[in-house]
Each structure stands twice: as C-alpha cells, then as structure tokens.
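2 protein chains.
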Amino acid sequence: MASLADISARAGVSIATASRVLNGSSHPVSAAMRQRVLDAAAEVDYAPSFVARALVKGRTPIVGVIVGDIVDPYFAEIARGVEDVVGRKGYLTMLSSAHRSTELEIGHLRALRAYQATGVIFASSGFLHDTRREELQRSLDETREAGAKVVALAHRELDCPTVTFDNRAAAYDVTDYVISLGHRRIAFVDGPEGLYTSLERRDGFEAAMRAADLDPTLRFEGGFEYEAGYETARRIAAGRLPEAIVAVNDDVGIGLLMGLRDAGVDVPGTVSVAGIDDTRPARYVGLTTVSAPLHELGITAAGLVLADDEDGAPTGDIVLPHRLTPRSTTARRRARAAGQRRRAARARARR
Amino acid sequence: MASLADISARAGVSIATASRVLNGSSHPVSAAMRQRVLDAAAEVDYAPSFVARALVKGRTPIVGVIVGDIVDPYFAEIARGVEDVVGRKGYLTMLSSAHRSTELEIGHLRALRAYQATGVIFASSGFLHDTRREELQRSLDETREAGAKVVALAHRELDCPTVTFDNRAAAYDVTDYVISLGHRRIAFVDGPEGLYTSLERRDGFEAAMRAADLDPTLRFEGGFEYEAGYETARRIAAGRLPEAIVAVNDDVGIGLLMGLRDAGVDVPGTVSVAGIDDTRPARYVGLTTVSAPLHELGITAAGLVLADDEDGAPTGDIVLPHRLTPRSTTARRRARAAGQRRRAARARARR
DNA sequence: TTGTAGGCGTTATCAT
DNA sequence: ATGATAACGCCTACAA
C-alpha cells in the first residue's frame with residue numbers, strides 16, 4: 019500500500035506537493051513536478067487511503083441504505099436506484115437490513131455515523147406505535163449534526179425530509195379499478211400490523227369502497243410476504259368467496275393467486291386479484307397492480323443526499339406519482355353460474 | 019461528535035485510559051477510573067470513530083459484496099446470506115453492482131481497498147475471454163496484500179478461493195429429469211454469451227442429452243433475464259415446438275413460460291419448461307427447477323472472509339450441494355393429438 | 001511555486 | 001495502574 023510518503027520520496031518532492039497533484043487540488047504546481055509525481059504514483063499504483071482522507075475531511079463517500087430485506091424486490095429496486103446514482107459519482111453504497119426492527123436501525127445508523135457517511139436513506143416504513151421512535155430521532159439528529167444528510171422513503175413520523183409515493187391513493191386506485199370491473203364483494207388482505215404503509219393502503223381501500231357505497235369491512239390478516247398470501251388464500255377458499263381481492267402488496271397478491279388456484283378457484287374467472295407495487299414478480303405472473311416509483315424513489319433520495327446545499331435542491335417532502343397497471347388477474351364481473359363455463363373457455367383460449 | 023479527548027477531559031483521566039476502557043482492552047484499569055470514564059462516555063453518548071480506528075489498525079469492519087445486479091433475486095439471495103452472518107458479527111456490508119463489467123469490478127475492488135475492507139466477495143461469474151482478467155487478478159493480489167480476504171462465488175479463472183455449486187451437474191440433473199418424463203425433443207435456452215456459468219450449464223444440458231442418446235443441438239439464444247425468455251418463447255412458438263425446454267436460469271424459464279402461454283401454447287400440456295436456481299419467483303409460478311444453495315453461498319463466503327487464519331477454516335474451494343425441485347411446469351410426455359384434450363382436462367382439474 | 005508542520009481520533013509502545 | 005507520545009495517511013494553513 020503505497021502512501022504519499024512513498025510517492026514524495028520517489029519523486030523527490032515534498033508530501034504536500036505530492037498530495038496537491040494527486041487530489042486535484044487547485045493549488046498551483048509546476049508542470050515538471052507534477053509529472054514527476056504522476057510518474058511515481060503510476061509506478062507504485064498509488065491509491066489514496068479513503069480512511070486517512072476521511073479522518074481529515076470528516077466525511078466518507080459512503081451512502082448508507084437501510085432496508086427491510088434486500089431479497090424483497092421492493093427494497094432491491096430502491097437500492098438499485100440509489101446505487102445507480104451514487105455509484106456514478108464515486109460513492110459507495112453501504113447496505114443494511116433492519117428487518118423492521120427500529121433497534122437494528124438505530125444500530126446501523128450508529129455505525130454509519132462512525133463511518134462519517136455522507137448520507138443515509140431509510141427505505142422501510144415505520145410503526146404507528148414505536149416505543150423507540152424518539153430514540154431513533156435522537157440518533158438521527160446526531161447523525162445529521164455529524165454532517166450527514168438523512169432521507170426517509172416512507173412514512174416514519176421522523177423529523178427528516180422524505181420522498182414517497184401516495185400509498186393511500188395507490189390502494190384507492192386499484193380498488194377503484196376493481197370496482198369499475200363490476201365487483202361488489204371485495205376483500206382486502208392486510209399488511210403487517212401497525213406499519214404505516216399497511217395502514218395507509220388499507221385506508222385507501224376502505225375509502226374507495228365507501229366512495230362506491232360498498233362494504234369495506236371484509237378484511238383478512240396478511241403480511242408482506244408470499245406465504246402470508248398463500249395461507250390466506252386457503253382460508254378464503256374455505257369460506258364464501260369474495261368477487262375480488264385487493265392485496266396490500268404484490269407478493270401477497272401472488273400468494274393469493276397461487277393459493278386460490280391451488281385450491282381450485284379460477285383467477286380471474288371466479289375471483290379477481292390485485293396487488294400494489296409492480297415489482298418484477300408481478301409482471302411475471304401478470305398480476306394487476308399499481309406501479310410504484312420504486313427505482314425513482316432510490317434515485318431521488320440519492321440525489322437529495324448528494325446535493326450541494328446551495329444547489330437549490332428541492333427541500334421538504336417529495337411525492338412521486340404512481341400508475342395503475344391492469345393485467346390479467348382481474349376480469350369484469352359476470353353473472354354467476356351461467357358465466358362460469360364461458361369464462362373458463364375464454365381463459366383457456368386466451369392462453 | 020464526542021471524541022476520546024472530550025471523554026478524557028470530562029473524566030479527568032488520560033486519553034490512554036479512556037481509550038483502554040472504551041475499547042475492551044485487556045490492559046488493567048482500576049474500577050474507579052473505569053467508572054468515571056464510562057459515566058463521561060454515557061453523558062456525551064460517545065461512539066468511537068471507525069475511521070480513526072481504521073487508520074491505526076489498518077483494517078475496517080467492512081466486507082464488500084460485488085454482484086451483477088441486486089435486483090436479480092439470484093444475487094439478492096447471496097447478498098442476504100452474506101449480510102446475515104457479517105451483520106451478526108458487527109461488520110457492515112458494502113454492496114456494489116458491477117453489471118458484468120470487469121472494469122467496474124476493478125474499480126469497486128480499488129475502492130474497497132481504499133477503505134481497508136476486511137474482505138470482498140465476488141458473486142458474479144466471469145467471462146471465458148476476458149481481456150481484463152489479468153488486470154483484475156493484479157488488483158485482487160494487491161487487495162489481498164493489503165490484508166483483505168477475497169472469495170469468489172462462481173467460476174472466474176482467478177487465483178482465489180471459491181465457494182460454488184456445480185452448475186454443470188445442476189443443468190444435467192434438470193435435463194435428466196425432463197428426459198425421464200419421456201421427452202425427446204428438448205431445447206436449451208442459453209445464457210449470456212461467453213459467461214462461464216452459461217457455458218457450464220449448457221454443457222450439463224448437452225451431457226445429459228448425449229447420455230440419453232438424444233440430440234443436444236437444439237439451442238436458442240437467451241440471456242439471464244425474463245425478457246430474453248419471453249422473446250425466445252415467441253420465436254419458439256413460431257416454429258416446430260420442442261417437447262420440453264430447459265432454460266439457463268429461472269428468470270428465462272419464467273419468461274418462456276409466460277411467452278409460450280401468451281402465444282397459446284399450453285405449459286406443461288404441450289411443452290414442458292424448467293429453469294435453474296430456484297429463486298423466489300420460480301416458487302411463485304411453480305417452475306420446475308433445481309435449487310441452488312444461493313443463501314448458503316453467501317453464508318459460507320462470509321464465514322471464510324471473517325475466519326481467523328488459525329481457525330483451521332477449510333481452505334481451497336468449496337462446492338455446495340444443489341437439489342432437483344420438480345414443480346408444475348413439467349409433465350410426463352403423452353401421445354400427441356389424442357392426449358391433448360385429456361391433458362387440458364387434467365390441468366384444469368389439478369388446479 | 002514549494003515546503004513545513006499541525007491536526008484529524010485512535011491505538012499502542014514505553015515510561016513512570 | 002496511569003499517562004505521555006509516536007504513529008497511521010492525508011490535507012491545508014502558513015511560511016518561505
């Protein structure tokens with residue numbers, strides 16, 4: 019590991035001069051000296067120590083991204099958005115999974131602070147009753163005092179800028195779409211208990227139902243994962259079937275889809291199913307959903323984190339647009355019984 | 019940002035003493051002093067600077083993971099495996115996407131070295147003819163000289179320990195399974211040109227075909243992504259249909275599945291489809307595949323990177339086992355025509 | 001234009 | 001048991 023000292027010795031110049039040419043300083047250096055330094059640096063394949071540099075500048079070109087679970091395509095898409103922009107600017111991405119634990123988040127925040135990270139992005143939603151929220155806020159404040167920018171990508175009740183999309187409206191929109199297909203008896207499969215995102219989406223569902231004078235109380239416990247949807251499907255299939263089901267997210271929607279079909283229920287023939295987010299798997303199975311600007315969330319957050327303060331960068335909160343994406347797991351309502359066979363035939367033909 | 023100097027002043031002790039109690043040194047410190055230091059540290063919520071520490075210790079508790087694309091569930095699963103174990107030990111994960119560019123990999127390696135990372139894990143496969151391979155190897159050597167452990171999770175022609183699974187055998191096994199179903203005219207959809215992983219899998223396919231006295235030459239260009247599979251499906255559907263198709267990975271397999279069905283081809287009634295990897299989406303759509311030990315790859319690699327050298331840790335290369343996972347996109351071969359309707363009926367019933 | 005030297009926060013060596 | 005103090009590698013006034 020060559021250091022500036024090595025270079026300066028090799029080139030026969032002072033460390034200061036070596037430093038100046040090797041870090042794009044604006045301080046003038048004669049062409050001759052410059053060349054000698056450059057040559058010496060090339061010879062030993064010099065690479066500056068980020069840690070030494072960080073120690074003096076009080077800042078590391080690191081952006082931390084705290085997600086729930088990187089295997090969840092929701093977070094993966096966000097992480098990629100972040101990396102796309104910070105990587106291009108020479109920053110590195112520190113990725114941490116917090117598994118929805120505020121305690122772990124605080125720990126990661128602490129570590130990021132210890133590294134003098136340039137910024138940190140919270141990708142997960144928060145809980146309505148979070149006993150550790152204040153503690154998190156304190157940790158966040160300290161982080162900011164240490165010079166890092168912090169931004170959240172979901173509702174958190176935290177004093178920090180956010181970039182989000184409207185979960186409530188997204189849920190409202192899919193629900194409204196399903197209603198427009200003629201369905202009346204529509205169920206909602208909930209997300210994890212107490213999470214803002216779950217609540218907002220449920221809220222959107224209920225609002226759309228009420229706006230159409232329909233009963234918004236048909237709800238099932240769920241989660242954010244495929245398995246939750248699959249299990250719920252079996253429970254649903256065992257009772258009186260709804261005409262359509264809106265799931266809190268795509269994974270649950272897909273779980274419902276598969277569970278229902280495995281239980282012998284035709285989707286969308288007998289029951290329509292829709293999700294929210296439009297992660298890749300949703301495309302794969304043709305799930306009707308609403309496209310959330312996941313990648314853009316990451317890009318935008320990264321932009322905020324790296325923006326020069328004088329940049330006139332948009333401050334406060336940013337809300338990105340979503341878009342309804344109808345696919346083939348939802349269908350127009352038909353009269354029961356009679357339509358049943360016809361639907362089956364059409365479904366077959368469509369393949 | 020409180021520093022040791024602050025603490026020492028507050029507690030009325032030397033910086034050395036403060037340091038000793040605050041970093042679990044074995045150096046003896048009297049109970050009284052210890053308490054004073056602890057109190058002072060608590061008052062100001064002291065957190066040691068990782069960068070200062072790194073400067074003197076020449077090492078950062080960071081492990082870098084260089085993947086192709088974090089949105090690809092293949093890599094996401096590996097990244098999670100890594101994070102699960104390094105996180106538990108107090109290390110942080112630096113994630114970088116290299117998009118199959120050796121040049122980007124070299125850049126990331128350089129950065130990781132500048133950070134004095136403890137280890138770096140290469141998750142992507144290499145190319146058969148990589149003009150930059152030597153350059154990468156040099157960079158890798160330097161990284162290792164700097165004290166970092168390096169491990170690769172795929173064939174790379176690099177002088178460094180690897181932990182992998184047997185791509186060739188995996189492809190052989192699915193192919194063999196498909197053959198056992200009675201299929202004869204079986205196609206293979208290739209991965210990206212020149213990638214070791216692509217080649218090994220194709221090799222396994224061909225070997226299995228030849229072992230069964232079947233023609234191994236029915237191949238289609240593909241890639242590693244859903245879209246490639248989908249497009250290929252349309253081309254395949256336009257010609258004489260094979261009885262079965264083995265895809266280089268799950269995403270392509272799913273693309274084939276959807277493309278075929280959209281083109282009116284019944285899967286598995288008319289054509290069977292299988293993939294490799296068993297990423298989550300494969301489970302979602304019921305794709306027949308072989309389960310690759312992705313998560314374990316990450317876990318094992320992380321273990322190697324964090325292992326004490328004296329640990330008697332397994333050196334050299336490690337090959338983890340895979341497992342055939344039949345699902346519902348493959349079916350036994352029937353006599354054509356006559357069986358057609360019957361198959362359709364059964365397919366419906368099975369749901 | 002070049003060089004000297006102080007300091008960033010820790011750890012570790014060497015006295016005391 | 002405690003405390004100075006010299007690194008670690010780099011940047012940056014300040015001096016020359």
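Protein chains in written order, with this note's numbering: chain B, 19 to 369; chain U, 19 to 369. Where a beta carbon is used, it is the ideal one built from N, C-alpha and C, also for glycine. From a predicted model like this one, the values you see are computed outputs, not experimental measurements.
Tell me where the beta strand (DSSP E) around residue i begins and ends.
i: G137 of chain U; result: 135-140
i: V291 of chain U; result: 290-292
i: R48 of chain B; result: The sequence as given places Ser at residue 48 of chain B; Arg does not occur at that position. It is not in any beta strand (DSSP E) - S48 of chain B carries neither H nor E in the DSSP assignment.
i: A205 of chain B; result: 204-207
i: T149 of chain B; result: From DSSP, T149 of chain B is part of no beta strand (DSSP E); its letter is neither H nor E.
i: A170 of chain U; result: 167-170
i: L113 of chain U; result: 110-115
Give a yes or no on whether the minimum CB-CB distance between residue i and chain U is below 8 Å.
i: P299 of chain B; result: yes
i: V303 of chain B; result: yes
i: Y244 of chain B; result: yes
i: R252 of chain B; result: no
i: R98 of chain B; result: yes
i: M276 of chain B; result: yes
i: R369 of chain B; result: In this prediction, R369 of chain B scores a pLDDT of 48, lower than 50, which makes its location untrustworthy; the coordinate-derived value is nonetheless stated afterwards. R369 of chain B counts as touching chain U.
In chain B, which residues lie with their C-beta within 9 Å of the C-beta of residue i?
i: M112 of chain U; result: I80, L110, T111, M112, L113
i: E101 of chain U; result: I88, L113, S114, S115
i: A58 of chain U; result: Neighbours of A58 of chain U on chain B: none; closest Cβ ~17 Å, over 9 Å.
Give the secondary structure of residue i by DSSP, where H, G and I count as helix, E and B as strand, and everything else as coil.
i: G105 of chain B; result: helix
i: F242 of chain B; result: coil
i: I263 of chain U; result: strand
i: R341 of chain U; result: strand
i: S143 of chain U; result: coil
i: V81 of chain B; result: strand
i: R237 of chain U; result: strand
i: V55 of chain U; result: helix
i: I88 of chain U; result: coil
i: T306 of chain B; result: strand
i: D269 of chain B; result: helix
i: V181 of chain U; result: strand
i: L232 of chain U; result: coil
i: D295 of chain U; result: strand
How far does the alpha helix (DSSP H) with residue i in it reach, from first residue to last?
i: T35 of chain U; result: 33-40
i: R372 of chain B; result: Outside the displayed span of chain B (19 to 369) sits residue 372 of chain B, for which this structure offers no information.
i: I317 of chain B; result: 312-324
i: S26 of chain B; result: 22-29
i: V74 of chain B; result: 68-75
i: E175 of chain U; result: Here E175 of chain U belongs to no alpha helix (DSSP H), and DSSP marks it neither H nor E.
i: H201 of chain B; result: From DSSP, H201 of chain B is part of no alpha helix (DSSP H); its letter is neither H nor E.
i: G125 of chain U; result: 120-132
Taking only beta-carbon positions, decide if residue i is within less than 8 Å of chain B.
i: A36 of chain U; result: no
i: P91 of chain U; result: yes
i: R345 of chain U; result: no
i: I25 of chain U; result: no
i: A262 of chain U; result: no
i: R360 of chain U; result: Any answer about R360 of chain U is weak, because its pLDDT of 48 lies below 50 and its placement is not dependable; what the coordinates show is given next. No, R360 of chain U does not count as interfacial toward chain B.
Hey, out of the options, whose CA is closest to residue i's CA?
i: A164 of chain U; options: U:G137, U:E152, U:R71, U:G240; result: U:G137
i: R186 of chain U; options: U:D221, U:F206, U:V207; result: U:D221
i: L217 of chain U; options: U:D231, U:R174, U:A36; result: U:R174
i: L113 of chain B; options: B:D102, B:G125, B:K107, B:A97; result: B:A97
i: A170 of chain U; options: U:S48, U:R345, U:E123; result: U:E123
Give me the chain U residues within the contact set of residue i, using Cβ-Cβ distance strictly less than 7 Å, ordered along the chain.
i: F68 of chain B; result: A132, Y133
List, in order along the chain, the chain B residues whose C-beta lies closer than 7 Å to that of residue i?
i: E95 of chain U; result: V89
i: I272 of chain U; result: Y302
i: M19 of chain U; result: A164
Please compile the residues from chain U whose C-beta is within a distance smaller than 8 Å of the C-beta of residue i.
i: R128 of chain B; result: A65
i: T72 of chain B; result: The sequence given here has Ala at residue 72 of chain B, not Thr. The contacting residues are V69.
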